[in-house]
Amino acid sequence: MRKDLRAYRNELNQAIDFDRVLDQFAAHTSFSLSRSQIQNALPLQDRYQMQEQLDLVRESIGLFQSGSTLSLHGCHDIEPAVKKAVRQMVLSPQELLEIASFLMACQRVQNTLRDESYEKLVAYSETMQTCKSLMTKIQDCIDMSGSVKDDASALLVQKHQQLVHARQALISRSRDFVKKNASKLMETLTTTIAGRTCVLVKAGEKNAFGGMIHGQSQSGLAFYVEPSSFVSLNNEVQLALSQIEEEKHRICKELSRLTASFEVALLSNLETMTILDCSFAKAHWAIEKDGCVPLIQTQDRSMTLEFARHPLIDVNKVVANTYKLLKDQRVLMITGPNMGGKTVTLKTMGLCVALSHAGFPVCCHRAVLPYYRSIWFDIGDQQSIENNLSTFSSHVSSLAMICSKCDPFSFILLDEIGNGTDPAEGSALAIAILEYLIQKKATIITSTHYNAVKSYGKTHENILVASMQFDKESLMPTYKYLPGVSGASYAFSIARQYHLDSWILDKAKQIKEETEDSRNKELEKLEKLQNEVVLEKERFEKLIRDAHQLQKEAQETKEKLAHRKEVFEKEYQQRLEELLIKKEQEADALIEKLNKTTMVRPHEKTQLMHDLEALQPETKEKEEKDSFAVGDYVQIQDLNSHGEIIELRKKEAVVLTNGMKMKVKTNRLKKMKRPRVEKTQPKAHSDKTFVRVPLELNIIGCRVEEGLRSMDHYLDQCVAHHIKQVRIIHGMGTGKLRSAVWQDLKKHPMVKEYTSAGPSDGGLGATIVTLK
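Heads up: the sequence shown at position 631 corresponds to 630 in numbering that gives the first Met the number 0, and the numbers run straight through without jumps.
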């Protein structure tokens with residue numbers, strides 16, 4: 000881009016606050032090397048390198064949005080320590096611990112980055128070497144506080160044991176000494192001077208114990224004395240300490256040599272971890288700022304920045320805008336009053352271009368930018384005292400360099416082009432410069448107050464004129480970007496807001512009207528008309544948004560009600576099913592009880608049948624096709640029984656079936672033809688057999704003797720026709736006929752067994768007979 004990178008960096012910082020934004024990214028880094036790399040970043044000229052960094056950021060955002068908690072805690076800039084080890088210098092335990100922590104972080108990254116969907120991140124992590132032998136050796140010898148472990152070697156363990164024994168012996172001897180010579184001492188406690196144990200002796204007794212005198216108290220009344228009996232043990236302690244330090248130095252020296260042998264792998268890992276940490280920091284910034292990774296395209300010069308915001312403005316105050324340039328539009332010309340947001344717009348767009356070309360995400364929802372090889376700025380007051388340049392001179396000097404250096408792959412920001420001199424000459428100069436830059440096919444973002452420049456932009460096919468909206472009523476900027484609409488300066492209105500004398504304002508308007516040509520008047524009218532159209536459009540769009548919101552809320556309410564209805568229906572159906580299962584279980588229990596009970600009183604049997612009837616599921620009422628009356632013979636459909644209606648009450652009937660009374664709803668009844676019961680008369684014995692014998696005999700209504708005769712004759716016919724099982728229907732009644740039937744069956748020679756019928760076969764009103 001530029002030969003003088005430091006000057007270029009200063010230009011970026013002054014023009015678009017590049018350094019302050021990079022500090023936001025750097026705050027998310029894990030260690031100093033990646034922090035420094037971000038803070039010193041510049042737009043790149045190599046498009047492939049730029050794309051590589053953007054791809055890494057895109058994958059990093061996906062990684063963190065998937066819920067990963069990958070941390071680079073423990074990373075350090077280990078390059079100085081590694082270089083020190085290569086120069087055969089001994090590393091400190093703290094430096095060795097940082098190297099081990101760094102290798103642990105590398106291993107943690109490798110274990111996390113195994114998902115093939117993060118292709119580039121995985122590829123970088125796989126290039127790292129774990130250096131496991133070095134990491135394990137350091138961890139075996141250095142503890143987490145950065146000190147050599149007491150058991151780092153066998154010799155170190157031995158020397159520590161010697162030190163403990165020597166100190167214990169010294170403590171024992173000093174205790175005995177103090178106890179024996181307490182009267183000659185100033186105090187009965189020992190102290191340490193230069194690592195040697197001493198006692199505080201009265202001045203008159205300082206030579207009484209031999210040894211060495213290490214000092215005098217401030218009062219001069221006592222001396223610090225190391226008695227001769229302490230000397231040998233103090234020497235043993237000092238010797239053990241010296242040998243321990245020597246062994247620790249030897250261990251650090253050995254680890255330093257091992258570190259030097261891993262120089263290439265360690266520095267390569269450091270480079271990779273720096274790249275990854277920078278990518279992770281950029282991803283965290285993008286997530287925090289609701290930003291995106293820009294797309295760099297080379298097809299044309301079109302540009303799109305959707306919902307772009309300046310990252311240095313408070314998120315609760317910043318206004319997001321969407322900026323677009325079509326492929327044939329080379330210039331975006333922003334107009335409007337002072338303090339309306341023109342410069343912020345220029346800086347926002349310039350910052351998006353600079354960040355994207357440096358491999359950083361941008362503060363937009365979507366960004367598509369052309370590839371630029373050079374980025375140029377002319378923003379703010381460039382007055383130079385050292386070079387004796389005025390504001391305009393500095394401005395023109397910058398423009399001259401831009402015009403000479405730019406090409407079709409240049410991005411140029413120009414704030415208030417042609418400003419700082421006579422308006423007529425400044426306007427002409429601005430138009431000429433823009434025409435020249437358009438011919439060079441560069442991309443230009445500029446702002447202006449000059450009506451002549453606005454008119455030129457309105458008529459040029461390669462220029463998009465836009466403005467920053469200004470509320471005429473409140474005289475406050477809204478910071479909303481309006482493409483295709485030129486904005487007025489509102490100088491008189493703003494001056495009135497700051498209480499400038501009305502005479503001055505009226506005179507200024509008069510002078511303006513006298514000097515203003517018809518073209519400027521028409522342009523001003525057009526600007527007013529455009530603003531009114533924009534306001535009407537905004538009101539209309541607000542009404543549409545409100546209508547869409549109401550429609551959306553109504554749809555959501557409808558969906559919620561439908562969901563609640565579905566839930567209620569499911570719960571209702573589930574409760575019905577549970578109730579049905581419960582009733583079926585009760586019915587099964589009653590049927591099982593009926594089947595197991597052979598001897599039961601008639602009224603108990605009737606009660607059980609009524610209980611079973613009560614458990615039958617309710618059926619929907621339907622119109623009855625048949626009308627019932629007392630005396631009708633009907634069939635109970637779901638019980639497979641039939642009988643005569645003896646009582647009728649509204650929609651409920653009492654039916655006599657198989658000798659017992661049962662209350663049944665009329666919608667469960669169906670009329671049927673009354674079965675004919677033929678009473679058999681006693682006949683003379685005959686060998687003649689019937690062609691067809693029924694499987695049941697109904698003797699309800701017969702006297703006992705009559706019924707028994709019919710039954711005996713029927714059983715004879717069944718035996719003759721080899722029928723094995725029949726049913727005798729005798730009814731409940733008083734129970735006399737049933738008892739007589741059972742007594743007769745008990746004596747009958749061809750009856751194998753007999754039992755009461757089941758509920759569906761007549762219950763106690765019938766008997767199942769099994770023949771031999």
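Just so it is clear, CB atoms sit at the ideal spot from N, CA and C, and this is done for glycine as well.
Just confirm the distance between the C-beta atoms of H721 and G706, as a whole number of angstroms; I'd bet it's less than 8 Å. In the sequence shown, the residue the question calls residue 721 occupies position 722. In the sequence shown, the residue the question calls residue 706 occupies position 707. Not a contact, Cβ separation roughly 24 Å.
Sheet register partners of E695 (DSSP bridge): Position 696 of the sequence shown, counting from 1, holds the residue named residue 695. DSSP lists R726 as partners of E695.
Once you ignore the five residues that flank Q724 on each side, which residues in its own chain have a CB closer than 6 Å to its CB? Indexing the sequence shown from 1 puts residue 724 at position 725. Within the same chain, and ignoring the five residues on either side of Q724 in sequence, the residues whose Cβ sits closer than 6 Å to its Cβ are T769.
Assuming K650 and K664 make a contact with CB atoms under 8 Å, what is their CB distance in whole Å? Here residue 650 refers to the residue found at position 651 when the sequence shown is read from its first residue. Here residue 664 refers to the residue found at position 665 when the sequence shown is read from its first residue. Contact check for K650 and K664: beta-carbon distance about 6 Å, within the 8 Å limit, so the pair qualifies.
Could you spell out the range, first to last residue, of the beta strand (DSSP E) harbouring Y632? Sequence index remark: in the sequence shown, residue 632 carries index 633 (1-based). Annotation for Y632: the continuous beta strand (DSSP E) segment containing it runs Y632 to I635.
Residue ranges of each beta strand (DSSP E) run of no fewer than 3 residues wholly in the stretch 284-320, ordered along the chain? Runs of the beta strand (DSSP E) lying entirely within the stretch 284-320, each at least 3 residues long, are 294-296 and 302-307 in chain order.
Using DSSP with H/G/I as helix, E/B as strand and the rest coil, what is G214? Along the sequence shown, read from residue 1 onward, the residue named residue 214 stands at position 215. Here G214 sits in strand by DSSP.
At 4 residues or longer, and completely inside the stretch 33-82: list those alpha helix (DSSP H) runs for me, N to C. You should have 46-64.
Reduced DSSP category for A683 - H, G, I as helix; E, B as strand; rest coil: Here the question's residue 683 lines up with position 684 in the sequence shown. Unreliable placement is indicated for A683, whose pLDDT of 45 sits below 50; the coordinate value is still reported in the next sentence. In the displayed model, A683 falls within coil according to three-state DSSP, outside both helix and strand.
Excluding the 5 residues preceding and the 5 following V653 in the sequence, name in chain order all residues of the same chain whose CB lies nearer than 6 Å to its CB. Residue 653 sits at position 654 when you count from the first residue of the sequence shown. Contacts found: I645, E646, K660 and K662.
Do T273 and S33 count as a contact pair if the criterion is CB distance below 8 Å? Sequence index remark: in the sequence shown, residue 33 carries index 34 (1-based). Sequence index remark: in the sequence shown, residue 273 carries index 274 (1-based). In this structure, S33 sits near T273, with a CB-CB distance shorter than 8 Å.
Can you find a CB in chain C that lies within less than 8 Å of the CB of I645? Judged by its chain identifiers, the structure shown contains no chain C, having just a single protein chain.
Verify whether the separation of the beta carbon atoms of P476 and Y449 is less than 8 Å. Within the sequence shown, numbered from 1, the residue matching residue 476 stands at position 477. Within the sequence shown, numbered from 1, the residue matching residue 449 stands at position 450. Contact: no.
Can you check whether the CB of F176 is closer than 8 Å to the CB of V147? What you label residue 147 is simply residue 148 of the sequence shown in a count that begins at 1. What you label residue 176 is simply residue 177 of the sequence shown in a count that begins at 1. Against a cut-off of 8 Å, the Cβ pair of F176 and V147 comes out as no contact.
Measuring CB to CB, does S373 end up less than 8 Å from S409? Position 374 of the sequence shown, counted from the start, is the residue given in the question as residue 373. Position 410 of the sequence shown, counted from the start, is the residue given in the question as residue 409. Cβ atoms of S373 and S409: closer than 8 Å.
Roughly how many angstroms separate the alpha carbons of L776 and H562, rounded to a whole number? The shown model of the chain, from 0 to 771, leaves out residue 776, and the question about it has no answer.
Residue range of the alpha helix (DSSP H) that includes I250: Taking the sequence shown and counting its residues from 1, the one referred to as residue 250 is at position 251. Run containing I250: S227 to S260, per the alpha helix (DSSP H) assignment.
Count the other CB atoms, across all protein chains shown, that sit within 10 Å of the CB of M348; report buried if there are 16 or more and exposed otherwise. For the purposes of this step, residue 348 is taken as residue 349 along the sequence shown, with counting starting at 1. Buried: at least 16 other Cβ atoms inside 10 Å.
Using 8 Å as the threshold, is the C-beta distance between T196 and L169 below it? In the sequence shown, counting from the first residue as 1, residue 196 sits at position 197. In the sequence shown, counting from the first residue as 1, residue 169 sits at position 170. Cβ distance < 8 Å, so T196 and L169 count as in contact.
For T769, the three-state DSSP class (helix, strand or coil): For the purposes of this step, residue 769 is taken as residue 770 along the sequence shown, with counting starting at 1. T769 sits in a strand when the DSSP states are folded into three classes.
Please name the residue in L155, M749, C140 and I503 whose C-alpha comes closest to that of Q242. Position 243 of the sequence shown, counted from the first residue, corresponds to residue 242. The shortest Cα separation from Q242 among L155, M749, C140 and I503 belongs to L155.
If we call anything under 8 Å between Cβ atoms a contact, is V750 one with M710? For this step, residue 750 is matched to residue 751 along the sequence shown. For this step, residue 710 is matched to residue 711 along the sequence shown. The Cβ atoms of V750 and M710 lie no closer than 8 Å to each other.
Apply the 10 Å Cβ neighbour rule to L763 and answer buried if 16 or more other Cβ atoms are within range, or exposed otherwise. Mapped onto the sequence shown, residue 763 falls at position 764. Of the residues assessed, L763 falls on the buried side of the cut-off, its CB having 16 or more other CB atoms within 10 angstroms.
Given a threshold of 16 other Cβ atoms within 10 Å of its Cβ, counted over all protein chains shown, does M332 qualify as buried or as exposed? Locating residue 332 in the sequence shown gives position 333, counting from the first residue. Buried, since its Cβ has 16 or more Cβ neighbours within 10 Å.
Length of the line joining the Cα atoms of S31 and H75: Here residue 31 is taken as the residue at index 32 of the sequence shown, counted from 1. Here residue 75 is taken as the residue at index 76 of the sequence shown, counted from 1. Rounded to the nearest angstrom, the two C-alpha atoms are 7 Å apart.
Reference E415, options N39, T445 and P407, closest by Cα: The residue you call residue 415 lines up with position 416 of the sequence shown. Of the listed residues, the one whose Cα sits closest to E415 is T445.
Do K326 and D299 have their CB atoms nearer than 8 Å? Looking up residue 326 in the sequence shown gives position 327. Looking up residue 299 in the sequence shown gives position 300. With contacts defined as CB atoms closer than 8 Å, K326 and D299 qualify as a contacting pair.
Which of helix, strand or coil DSSP assigns to E159: Position 160 of the sequence shown holds residue 159. The sequence shown places His at residue 159, not Glu. Of the three classes helix, strand and coil, the one that applies to H159 here is helix, per DSSP.
Who pairs with T656 in a beta bridge, going by DSSP? Locating residue 656 in the sequence shown gives position 657, counting from the first residue. Under DSSP, T656 forms a beta bridge with M659.
Spell out the partners DSSP gives F772 in its beta bridges. The requested residue 772 is not part of the displayed model; the chain covers only 0 to 771.
So, at 6 Å on beta carbons, what are the nonlocal neighbours of V121 in its own chain, with the 5 sequence-adjacent residues on each side left out? As a working mapping, residue 121 is identified with position 122 in the sequence shown. Same-chain partners within the cutoff: L112.
Under a three-way DSSP split, which group does F359 fall into? Within the sequence shown, residue 359 is the residue found at index 360, counting from 1. The three-state reading of DSSP puts F359 in coil, since its state is none of H, G, I, E or B.
Grouping DSSP H, G and I as helix and E and B as strand, with all else coil, what is H641? Start at 1 with the first residue of the sequence shown, and residue 641 comes out as number 642. In the structure shown, H641 sits in a strand (DSSP, three-state: E or B).
Taking only runs of the alpha helix (DSSP H) that begin and end inside the stretch 704-753, which ones reach a length of at least 4 residues, in chain order? Inside the stretch 704-753, DSSP marks whole alpha helix (DSSP H) runs of 4 or more residues at positions 735-746, from first to last along the chain.
Considering only the alpha carbon of each residue, which of M134, C362 and Y435 lies closest to L102? The residue you call residue 102 lines up with position 103 of the sequence shown. Nearest in C-alpha terms to L102, of all of M134, C362 and Y435, is M134.
Residue from I312, T334, S228 and S218 with nearest C-alpha to N180: Here residue 180 corresponds to residue number 181 of the sequence shown, with the count starting at 1. Here the closest residue by C-alpha is S228.
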